[in-house]
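Asker: Pasting a structure below so you can have a look.
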Amino acid sequence: MTEARLVEELLAFIAAGEADEEAFNRMALAVFAHQFETNAPYRRFATQRARTLRTVKSWRDVPAVPISVFKDLTLSGRPPEECPHVFMTSGTTKGVRGKSHHPTLAVYDRSMTVNFRRRFMGEWDRLRMGILFPTEQAMPNSSLAHYLALAKSDFGTTESRYLITDAGLDVDGAIAELSRAEETGEPYALLGASFSVVHLMDALAERGRSFALPAGSRILDTGGFKGQSREMAAEEFYSRLSATFGVPRRLCINMYGMTELSTQFYDDGNESCPSVKSGPHWIRSRVINPLTGQEVPRGSVGVLVHHDLAHFNCASAILTEDAGVEVDGGFQLLGRADGADAKGCSMAVEDFLKAAQAQWPLA
(Lines of atoms letter the chains of each structure in order from A and count residues from 1; the text may use other names and numbers.)
(Lines give C-alpha, C1' and ligand atoms only; values in the text may rest on other atoms or scores of the structure.)
Protein backbone atom coordinates (compact mmCIF):
# COMPACT_ATOMS: atom_id res chain seq x y z
CA MET A 1 0.00 0.00 0.00
CA THR A 2 1.36 3.42 -0.91
CA GLU A 3 1.81 6.09 1.74
CA ALA A 4 -0.86 8.24 0.10
CA ARG A 5 -3.36 5.38 0.21
CA LEU A 6 -2.49 4.59 3.83
CA VAL A 7 -3.03 8.23 4.82
CA GLU A 8 -6.38 8.21 3.03
CA GLU A 9 -7.47 5.06 4.85
CA LEU A 10 -6.31 6.38 8.23
CA LEU A 11 -8.26 9.60 7.79
CA ALA A 12 -11.37 7.59 6.99
CA PHE A 13 -10.73 5.24 9.93
CA ILE A 14 -10.47 8.16 12.36
CA ALA A 15 -13.62 9.74 10.96
CA ALA A 16 -15.56 6.48 11.29
CA GLY A 17 -16.40 7.19 14.93
CA GLU A 18 -15.69 3.72 16.30
CA ALA A 19 -13.90 0.47 15.50
CA ASP A 20 -14.28 -3.05 16.80
CA GLU A 21 -11.38 -5.43 17.37
CA GLU A 22 -11.45 -6.75 13.82
CA ALA A 23 -11.41 -3.27 12.23
CA PHE A 24 -8.64 -2.03 14.51
CA ASN A 25 -6.62 -5.15 13.82
CA ARG A 26 -6.97 -4.79 10.06
CA MET A 27 -5.81 -1.16 10.15
CA ALA A 28 -2.98 -1.96 12.58
CA LEU A 29 -1.62 -4.65 10.28
CA ALA A 30 -1.65 -2.23 7.35
CA VAL A 31 0.30 0.33 9.37
CA PHE A 32 2.77 -2.35 10.54
CA ALA A 33 3.29 -3.51 6.95
CA HIS A 34 4.08 0.06 5.88
CA GLN A 35 6.57 0.56 8.71
CA PHE A 36 8.17 -2.87 8.20
CA GLU A 37 8.70 -2.16 4.52
CA THR A 38 9.93 1.44 4.77
CA ASN A 39 11.74 1.69 8.12
CA ALA A 40 15.00 -0.27 7.96
CA PRO A 41 16.04 -0.15 11.65
CA TYR A 42 12.56 -1.14 12.73
CA ARG A 43 12.44 -3.98 10.18
CA ARG A 44 15.76 -5.35 11.47
CA PHE A 45 14.53 -5.27 15.06
CA ALA A 46 11.23 -6.91 14.19
CA THR A 47 12.87 -9.60 12.06
CA GLN A 48 15.29 -10.57 14.82
CA ARG A 49 12.24 -11.22 16.98
CA ALA A 50 10.54 -13.24 14.25
CA ARG A 51 7.91 -10.53 13.90
CA THR A 52 7.43 -10.24 10.17
CA LEU A 53 4.59 -9.63 7.74
CA ARG A 54 4.00 -13.37 7.77
CA THR A 55 4.03 -13.93 11.53
CA VAL A 56 2.32 -10.78 12.90
CA LYS A 57 -1.38 -11.63 12.93
CA SER A 58 -2.66 -9.20 15.58
CA TRP A 59 -1.95 -5.67 16.74
CA ARG A 60 -0.77 -7.21 20.00
CA ASP A 61 2.03 -8.94 18.06
CA VAL A 62 3.42 -5.69 16.64
CA PRO A 63 6.83 -5.14 18.29
CA ALA A 64 6.98 -1.97 20.37
CA VAL A 65 9.81 0.53 20.04
CA PRO A 66 11.26 1.73 23.38
CA ILE A 67 10.58 5.43 23.58
CA SER A 68 14.21 6.35 24.37
CA VAL A 69 15.30 4.96 20.99
CA PHE A 70 13.97 8.11 19.33
CA LYS A 71 16.94 9.92 20.87
CA ASP A 72 19.43 7.57 19.19
CA LEU A 73 17.91 6.60 15.85
CA THR A 74 16.00 8.19 13.04
CA LEU A 75 12.83 6.12 12.79
CA SER A 76 11.08 7.33 9.67
CA GLY A 77 9.53 5.63 6.69
CA ARG A 78 10.42 8.65 4.60
CA PRO A 79 13.95 10.09 4.40
CA PRO A 80 14.17 12.84 7.04
CA GLU A 81 14.84 15.48 4.40
CA GLU A 82 11.44 14.65 2.86
CA CYS A 83 9.61 15.28 6.14
CA PRO A 84 8.74 18.98 6.47
CA HIS A 85 7.42 18.56 10.02
CA VAL A 86 9.72 17.41 12.82
CA PHE A 87 8.58 17.39 16.44
CA MET A 88 11.30 17.18 19.07
CA THR A 89 11.21 16.16 22.72
CA SER A 90 12.26 18.56 25.45
CA GLY A 91 15.52 16.72 26.11
CA THR A 92 15.18 17.12 29.86
CA THR A 93 16.70 13.75 30.78
CA LYS A 94 20.06 13.61 28.98
CA GLY A 95 20.03 16.80 26.96
CA VAL A 96 19.42 14.70 23.82
CA ARG A 97 16.21 15.41 21.96
CA GLY A 98 14.18 12.67 20.36
CA LYS A 99 12.70 13.41 16.95
CA SER A 100 9.43 12.38 15.36
CA HIS A 101 9.27 12.93 11.60
CA HIS A 102 6.01 13.69 9.79
CA PRO A 103 5.79 13.77 5.97
CA THR A 104 2.30 15.26 6.45
CA LEU A 105 0.34 16.53 9.45
CA ALA A 106 -3.01 15.58 7.94
CA VAL A 107 -3.40 12.49 10.11
CA TYR A 108 -1.96 14.12 13.25
CA ASP A 109 -4.30 17.08 12.89
CA ARG A 110 -7.36 14.92 12.26
CA SER A 111 -6.47 12.78 15.27
CA MET A 112 -6.12 15.84 17.50
CA THR A 113 -9.24 17.69 16.42
CA VAL A 114 -11.66 14.74 16.42
CA ASN A 115 -10.45 13.63 19.86
CA PHE A 116 -10.25 17.14 21.36
CA ARG A 117 -13.79 18.00 20.30
CA ARG A 118 -15.13 14.86 21.94
CA ARG A 119 -13.08 14.90 25.13
CA PHE A 120 -12.60 18.57 25.99
CA MET A 121 -15.16 20.80 24.28
CA GLY A 122 -18.29 19.14 25.61
CA GLU A 123 -21.38 20.96 24.39
CA TRP A 124 -19.42 23.95 23.04
CA ASP A 125 -18.38 24.45 19.41
CA ARG A 126 -16.03 27.27 20.39
CA LEU A 127 -14.81 28.79 23.64
CA ARG A 128 -12.79 31.88 24.41
CA MET A 129 -9.36 30.48 25.29
CA GLY A 130 -6.21 31.55 27.08
CA ILE A 131 -3.13 29.58 26.02
CA LEU A 132 -0.41 29.15 28.64
CA PHE A 133 2.34 28.07 26.25
CA PRO A 134 4.47 29.70 23.54
CA THR A 135 3.27 29.94 19.94
CA GLU A 136 4.25 27.61 17.10
CA GLN A 137 6.41 30.37 15.72
CA ALA A 138 8.37 30.53 18.96
CA MET A 139 8.64 26.73 19.25
CA PRO A 140 8.33 25.27 15.73
CA ASN A 141 9.50 21.78 16.77
CA SER A 142 7.13 21.43 19.71
CA SER A 143 4.23 19.02 19.26
CA LEU A 144 2.48 20.71 22.21
CA ALA A 145 2.80 24.14 20.60
CA HIS A 146 1.19 22.72 17.46
CA TYR A 147 -1.51 20.94 19.48
CA LEU A 148 -2.46 24.14 21.32
CA ALA A 149 -2.38 26.18 18.12
CA LEU A 150 -4.87 23.72 16.64
CA ALA A 151 -7.06 24.01 19.74
CA LYS A 152 -7.06 27.81 19.45
CA SER A 153 -7.67 27.96 15.69
CA ASP A 154 -10.28 25.21 15.43
CA PHE A 155 -12.10 25.59 18.75
CA GLY A 156 -11.28 29.02 20.14
CA THR A 157 -13.19 32.22 19.49
CA THR A 158 -11.49 35.00 17.56
CA GLU A 159 -10.76 36.74 20.89
CA SER A 160 -8.70 33.78 22.15
CA ARG A 161 -5.11 34.70 22.92
CA TYR A 162 -1.75 33.50 24.15
CA LEU A 163 -0.90 34.39 27.73
CA ILE A 164 2.80 33.63 27.36
CA THR A 165 4.81 36.07 25.27
CA ASP A 166 8.49 36.63 24.51
CA ALA A 167 8.60 38.52 27.80
CA GLY A 168 7.22 35.55 29.75
CA LEU A 169 3.94 34.98 31.55
CA ASP A 170 1.45 37.79 30.87
CA VAL A 171 -0.10 37.98 34.33
CA ASP A 172 -1.91 41.26 33.67
CA GLY A 173 -3.37 39.85 30.46
CA ALA A 174 -4.51 36.71 32.27
CA ILE A 175 -6.21 38.75 35.01
CA ALA A 176 -7.95 40.86 32.38
CA GLU A 177 -9.22 37.75 30.58
CA LEU A 178 -10.39 36.01 33.74
CA SER A 179 -12.04 39.17 35.08
CA ARG A 180 -13.87 39.69 31.80
CA ALA A 181 -15.19 36.12 31.91
CA GLU A 182 -16.51 36.70 35.44
CA GLU A 183 -18.19 39.95 34.43
CA THR A 184 -19.78 38.73 31.19
CA GLY A 185 -20.70 35.18 32.25
CA GLU A 186 -19.07 33.85 29.07
CA PRO A 187 -17.48 30.42 29.67
CA TYR A 188 -13.71 30.46 29.46
CA ALA A 189 -11.08 27.80 28.76
CA LEU A 190 -7.53 27.90 30.08
CA LEU A 191 -5.12 25.53 28.37
CA GLY A 192 -1.41 24.90 28.78
CA ALA A 193 1.51 23.09 30.30
CA SER A 194 1.00 22.04 33.91
CA PHE A 195 3.99 24.02 35.16
CA SER A 196 2.74 27.18 33.39
CA VAL A 197 -0.58 26.84 35.19
CA VAL A 198 1.31 26.59 38.50
CA HIS A 199 3.27 29.75 37.71
CA LEU A 200 0.02 31.58 36.97
CA MET A 201 -1.55 30.38 40.23
CA ASP A 202 1.56 31.52 42.13
CA ALA A 203 1.42 34.94 40.48
CA LEU A 204 -2.28 35.31 41.26
CA ALA A 205 -1.71 34.27 44.88
CA GLU A 206 0.96 36.95 45.25
CA ARG A 207 -1.66 39.50 44.20
CA GLY A 208 -4.36 37.99 46.37
CA ARG A 209 -6.49 37.13 43.34
CA SER A 210 -8.83 34.23 42.68
CA PHE A 211 -11.77 33.87 40.33
CA ALA A 212 -15.16 32.21 39.96
CA LEU A 213 -15.32 31.46 36.26
CA PRO A 214 -18.78 31.03 34.69
CA ALA A 215 -20.51 27.66 34.35
CA GLY A 216 -19.12 25.71 31.42
CA SER A 217 -15.58 27.00 31.91
CA ARG A 218 -12.87 24.38 31.85
CA ILE A 219 -9.14 23.91 32.23
CA LEU A 220 -6.74 21.62 30.38
CA ASP A 221 -3.25 20.90 31.67
CA THR A 222 -0.60 18.56 30.31
CA GLY A 223 2.97 17.53 30.85
CA GLY A 224 3.20 17.33 34.61
CA PHE A 225 6.31 18.70 36.26
CA LYS A 226 9.12 16.59 34.76
CA GLY A 227 12.32 18.61 34.63
CA GLN A 228 10.78 21.60 36.39
CA SER A 229 12.12 23.33 39.48
CA ARG A 230 8.99 22.56 41.45
CA GLU A 231 6.80 19.49 41.88
CA MET A 232 3.25 19.26 43.13
CA ALA A 233 1.14 16.22 43.95
CA ALA A 234 -1.88 15.76 41.69
CA GLU A 235 -4.37 16.03 44.56
CA GLU A 236 -2.89 19.34 45.70
CA PHE A 237 -2.63 20.63 42.13
CA TYR A 238 -6.27 20.04 41.18
CA SER A 239 -7.62 21.26 44.51
CA ARG A 240 -5.70 24.47 44.11
CA LEU A 241 -6.70 24.75 40.46
CA SER A 242 -10.37 24.54 41.33
CA ALA A 243 -10.03 26.99 44.22
CA THR A 244 -8.08 29.56 42.17
CA PHE A 245 -10.33 29.62 39.12
CA GLY A 246 -13.67 28.42 40.45
CA VAL A 247 -13.80 25.52 38.00
CA PRO A 248 -15.09 22.19 39.35
CA ARG A 249 -12.49 19.45 39.36
CA ARG A 250 -14.58 17.38 36.94
CA LEU A 251 -13.82 20.09 34.36
CA CYS A 252 -10.12 20.25 35.22
CA ILE A 253 -8.99 17.86 32.50
CA ASN A 254 -5.52 16.41 32.05
CA MET A 255 -4.19 15.48 28.62
CA TYR A 256 -1.52 12.78 28.44
CA GLY A 257 0.48 12.83 25.24
CA MET A 258 4.01 12.63 23.93
CA THR A 259 6.11 13.66 20.96
CA GLU A 260 6.50 10.02 19.94
CA LEU A 261 2.74 9.63 19.40
CA SER A 262 0.18 11.36 17.19
CA THR A 263 -2.79 10.76 19.48
CA GLN A 264 -3.57 12.07 22.96
CA PHE A 265 -5.27 10.52 25.98
CA TYR A 266 -7.67 12.41 28.25
CA ASP A 267 -9.38 11.87 31.56
CA ASP A 268 -12.92 12.91 32.45
CA GLY A 269 -11.76 15.43 35.02
CA ASN A 270 -9.93 15.02 38.30
CA GLU A 271 -12.50 14.70 41.03
CA SER A 272 -10.29 11.87 42.27
CA CYS A 273 -6.62 11.11 41.63
CA PRO A 274 -5.15 9.28 39.88
CA SER A 275 -7.73 9.76 37.18
CA VAL A 276 -8.55 7.24 34.46
CA LYS A 277 -7.04 8.03 31.06
CA SER A 278 -8.44 6.73 27.80
CA GLY A 279 -8.03 7.29 24.10
CA PRO A 280 -10.12 7.16 20.92
CA HIS A 281 -10.76 4.11 18.76
CA TRP A 282 -7.53 4.45 16.75
CA ILE A 283 -5.22 3.94 19.74
CA ARG A 284 -5.04 1.04 22.19
CA SER A 285 -2.86 0.37 25.19
CA ARG A 286 -1.39 -2.60 26.99
CA VAL A 287 0.30 -2.88 30.39
CA ILE A 288 3.32 -5.17 30.29
CA ASN A 289 6.25 -6.50 32.28
CA PRO A 290 9.16 -5.05 30.26
CA LEU A 291 11.49 -7.85 31.39
CA THR A 292 9.31 -10.48 29.74
CA GLY A 293 7.28 -8.45 27.26
CA GLN A 294 4.14 -10.17 28.54
CA GLU A 295 0.99 -8.39 29.63
CA VAL A 296 0.52 -8.24 33.38
CA PRO A 297 -2.79 -9.30 34.98
CA ARG A 298 -5.49 -6.66 34.92
CA GLY A 299 -5.16 -4.43 37.97
CA SER A 300 -1.41 -5.06 38.31
CA VAL A 301 1.21 -2.34 37.83
CA GLY A 302 3.37 -2.53 34.73
CA VAL A 303 4.73 -0.35 31.94
CA LEU A 304 2.43 1.19 29.34
CA VAL A 305 2.66 0.26 25.66
CA HIS A 306 0.61 2.37 23.26
CA HIS A 307 -0.43 1.29 19.76
CA ASP A 308 -1.21 4.51 17.89
CA LEU A 309 -2.34 3.98 14.32
CA ALA A 310 -2.11 7.71 13.60
CA HIS A 311 1.68 7.60 14.10
CA PHE A 312 2.11 5.89 10.75
CA ASN A 313 5.51 7.18 9.60
CA CYS A 314 7.70 6.33 12.59
CA ALA A 315 6.50 3.51 14.81
CA SER A 316 2.92 2.86 15.80
CA ALA A 317 3.75 0.75 18.88
CA ILE A 318 5.67 2.54 21.64
CA LEU A 319 7.05 1.08 24.87
CA THR A 320 6.91 4.03 27.25
CA GLU A 321 8.77 4.53 30.52
CA ASP A 322 5.50 5.23 32.32
CA ALA A 323 4.08 2.95 34.99
CA GLY A 324 0.37 2.29 34.79
CA VAL A 325 -2.42 -0.07 35.67
CA GLU A 326 -5.36 -1.19 33.52
CA VAL A 327 -8.73 -0.37 35.07
CA ASP A 328 -12.32 -0.13 33.88
CA GLY A 329 -12.54 2.47 31.13
CA GLY A 330 -8.83 2.82 30.49
CA PHE A 331 -5.69 3.06 32.58
CA GLN A 332 -4.29 5.00 35.50
CA LEU A 333 -0.95 6.72 35.00
CA LEU A 334 1.29 6.24 38.03
CA GLY A 335 4.43 8.14 37.04
CA ARG A 336 7.81 6.96 35.85
CA ALA A 337 8.65 3.27 36.01
CA ASP A 338 11.21 2.33 38.64
CA GLY A 339 12.91 -0.75 40.03
CA ALA A 340 12.67 -3.87 37.89
CA ASP A 341 10.34 -2.14 35.42
CA ALA A 342 12.87 0.63 34.80
CA LYS A 343 15.58 -1.99 34.33
CA GLY A 344 13.37 -3.80 31.85
CA CYS A 345 12.86 -0.60 29.86
CA SER A 346 16.63 -0.01 29.73
CA MET A 347 17.22 -3.56 28.55
CA ALA A 348 14.61 -3.12 25.84
CA VAL A 349 16.44 -0.01 24.59
CA GLU A 350 19.75 -1.89 24.47
CA ASP A 351 18.17 -4.79 22.59
CA PHE A 352 16.59 -2.48 20.03
CA LEU A 353 19.80 -0.55 19.40
CA LYS A 354 21.85 -3.72 19.00
CA ALA A 355 19.38 -5.10 16.48
CA ALA A 356 19.00 -1.84 14.59
CA GLN A 357 22.74 -1.12 14.41
CA ALA A 358 23.73 -4.63 13.43
CA GLN A 359 23.07 -3.82 9.80
CA TRP A 360 22.39 -0.09 9.60
CA PRO A 361 24.47 2.73 11.15
CA LEU A 362 22.96 5.43 13.29
CA ALA A 363 21.26 8.17 11.33
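Counting from 1, position 211 in the sequence shown corresponds to residue 211 in the UniProt record's numbering; the numbering is continuous, with no gaps. Ideal Cβ positions, reconstructed from N, Cα and C, are used throughout, including at glycine.
Can you look up L334 in the DSSP assignment and give me helix, strand or coil?
Answerer: By one-based count along the sequence shown, residue 334 stands at place 334. DSSP places L334 in strand when its eight states are reduced to three.
Asker: What does a CB cutoff of less than 6 Å around Y188 pick up in its chain, not counting 5 residues either side in sequence?
Answerer: Looking up residue 188 in the sequence shown gives position 188. These residues qualify, in order along the chain: R128, A181, L213, S217.
Asker: Looking only at its own chain, which residues have a Cβ that is under 7 Å from the Cβ of D170, when we skip the five neighbours before and after it?
Answerer: Looking up residue 170 in the sequence shown gives position 170. Taken in chain order, the residues that qualify are L163, I164.
Asker: Would you check if the distance between the CB atom of S316 and the CB atom of V107 is smaller than 8 Å?
Answerer: The count along the sequence shown starts at 1 and reaches residue 316 at position 316. The count along the sequence shown starts at 1 and reaches residue 107 at position 107. Cβ distance not < 8 Å, so S316 and V107 don't count as in contact.
Asker: Can you look up E136 in the DSSP assignment and give me helix, strand or coil?
Answerer: As a working note, residue 136 is residue 136 in the sequence shown. In the structure shown, E136 sits in coil (DSSP, three-state: anything other than H, G, I, E or B).
Asker: Does the count of Cβ pairs from the stretch 242 to 252 and the stretch 276 to 287 closer than 8 Å reach three?
Answerer: The stretch 242 to 252 is not in contact with the stretch 276 to 287.
Asker: Per DSSP, what are the beta-bridge partners of R286 in this structure?
Answerer: If you number the sequence shown from 1, residue 286 lands on position 286. V305.
Asker: Drop a sphere of 10 angstroms on the beta-carbon of R298, count the other beta-carbons inside from all chains shown, and report buried for 16 or more, exposed for fewer.
Answerer: Counting from one through the sequence shown, the residue named residue 298 turns up at place 298. Counting Cβ neighbours within 10 Å, R298 comes out exposed, since fewer than 16 surround it.
Asker: A19 and V305: beta carbons closer than 8 Å?
Answerer: As a working mapping, residue 19 is identified with position 19 in the sequence shown. As a working mapping, residue 305 is identified with position 305 in the sequence shown. No, they are not a contact pair.
Asker: In whole angstroms, what is the alpha-carbon distance linking Y238 and V325?
Answerer: Counting from one through the sequence shown, the residue named residue 238 turns up at place 238. Counting from one through the sequence shown, the residue named residue 325 turns up at place 325. In a straight line, the C-alpha of Y238 is about 21 Å away from that of V325.
Asker: Can you tell me whether K99 is buried or exposed? The criterion is at least 16 other CB atoms within 10 Å of its CB, across all chains shown.
Answerer: Stepping through the sequence shown from its first residue, residue 99 is reached at position 99. Burial call: buried.
Asker: Mind checking whether F312 and V31 have CB atoms under 8 Å apart?
Answerer: Position 312 of the sequence shown holds residue 312. Position 31 of the sequence shown holds residue 31. Yes, the pair counts as a contact, with Cβ atoms nearer than the cut-off.
Asker: Considering only residues of the same chain and omitting the five flanking positions on each side of L6, which have a CB-CB separation below 8 Å?
Answerer: Reading the sequence shown from its first residue, position 6 is the one you call residue 6. Cβ within range, chain order: A30, V31, H34, F312.
Asker: Leaving out five residues on either side along the sequence, give the residues of the same chain with a beta carbon under 6 Å from the beta carbon of H85.
Answerer: To locate residue 85, count along the sequence shown from 1; it is residue 85. Counting only Cβ-Cβ distances below 6 Å, and skipping sequence neighbours, we find H102, L105.
Asker: Pick out whichever of I131, D166, T2, S142 has its Cα sitting closest to the Cα of residue 384.
Answerer: With the chain running from 1 to 363 in the structure shown, residue 384 is simply not present.
Asker: From the DSSP secondary-structure annotation, give me the bridge partner or partners of Q294.
Answerer: Here residue 294 refers to the residue found at position 294 of the sequence shown. BP columns for Q294 point to N289.
Asker: So within the stretch 37 to 99, which uninterrupted beta strand (DSSP E) runs reach at least 3 residues, ignoring any that extend past its ends?
Answerer: For the stretch 37 to 99, whole beta strand (DSSP E) runs of length 3 or above, ordered along the chain, are 85 to 88.
Asker: Could I get the ranges of all uninterrupted beta strand (DSSP E) runs contained in the stretch 100 to 168, with 3 residues as the minimum, in chain order?
Answerer: Correct list: 128 to 132.
Asker: By the three-class DSSP mapping on this structure, what secondary structure does M255 have?
Answerer: Stepping through the sequence shown from its first residue, residue 255 is reached at position 255. Here M255 sits in strand by DSSP.
Asker: Can you check whether the CB of A174 is closer than 8 Å to the CB of L144?
Answerer: In the sequence shown, residue 144 corresponds to position 144, counting from 1. In the sequence shown, residue 174 corresponds to position 174, counting from 1. The answer is no: Cβ separation not under 8 Å.
Asker: Given this structure, state the Cα-to-Cα distance separating residue 385 from E8, to the nearest angstrom.
Answerer: Because the chain is modelled from 1 through 363, residue 385 falls outside the range shown and cannot be assessed.
Asker: Based on Cα-Cα distance, which residue from S142, S272, L319 lies nearest to N289?
Answerer: Here residue 289 refers to the residue found at position 289 when the sequence shown is read from its first residue. The residue with the shortest Cα to Cα distance from N289 is L319.
Asker: What three-state label does DSSP hand G227 in the structure shown?
Answerer: Counted from its first residue, the sequence shown places residue 227 at position 227. Any reading at G227 must be qualified, since the residue scores a pLDDT of 45, below 50, and its modelled position is unreliable; no value is offered.
Asker: Starting from V247, trace the beta strand (DSSP E) both ways and give me its first and last residue.
Answerer: In the sequence shown, the residue the question calls residue 247 occupies position 247. Element bounds for V247: n/a, residue is neither H nor E.
Asker: Looking at the strands, I want to know which residues DSSP matches up with F265.
Answerer: Counted from its first residue, the sequence shown places residue 265 at position 265. Paired residue(s): Y256.
Asker: Could you tell me if M1 is buried or exposed, where buried requires 16 or more neighbouring beta carbons within 10 angstroms of its beta carbon?
Answerer: Along the sequence shown, read from residue 1 onward, the residue named residue 1 stands at position 1. Per the 10 Å Cβ criterion, exposed.
Asker: Out of R49, R118, L200, M112, which one is the CA nearest neighbour of F133?
Answerer: Numbered from its first residue, the sequence shown carries residue 133 at position 133. Cα-wise, what sits closest to F133 is L200.
Asker: How about L190 and T244: do their beta carbons lie closer than 8 Å?
Answerer: Counting from one through the sequence shown, the residue named residue 190 turns up at place 190. Counting from one through the sequence shown, the residue named residue 244 turns up at place 244. It is not a contact, given that the beta carbons lie outside the stated cut-off.
Asker: DSSP on L11, reduced to helix/strand/coil?
Answerer: Working through the sequence shown from its first residue, we reach residue 11 at position 11. DSSP places L11 in helix when its eight states are reduced to three.
Asker: Is it buried or exposed for P66, if we count other Cβ within 10 angstroms and need 16 for buried?
Answerer: As a working note, residue 66 is residue 66 in the sequence shown. Classification of P66: buried, given that the 10 Å Cβ count is 16 or more.
Asker: DSSP on L29, reduced to helix/strand/coil?
Answerer: The residue labelled residue 29 in the question sits at position 29 within the sequence shown. If DSSP states are grouped into helix, strand and coil, L29 belongs with the helices.
Asker: Which same chain residues end up closer than 8 Å to V114 when comparing Cβ atoms and leaving out the 5 residues on each side of it in sequence?
Answerer: As a working note, residue 114 is residue 114 in the sequence shown. Result list for V114: I14, A15, P280, in chain order.
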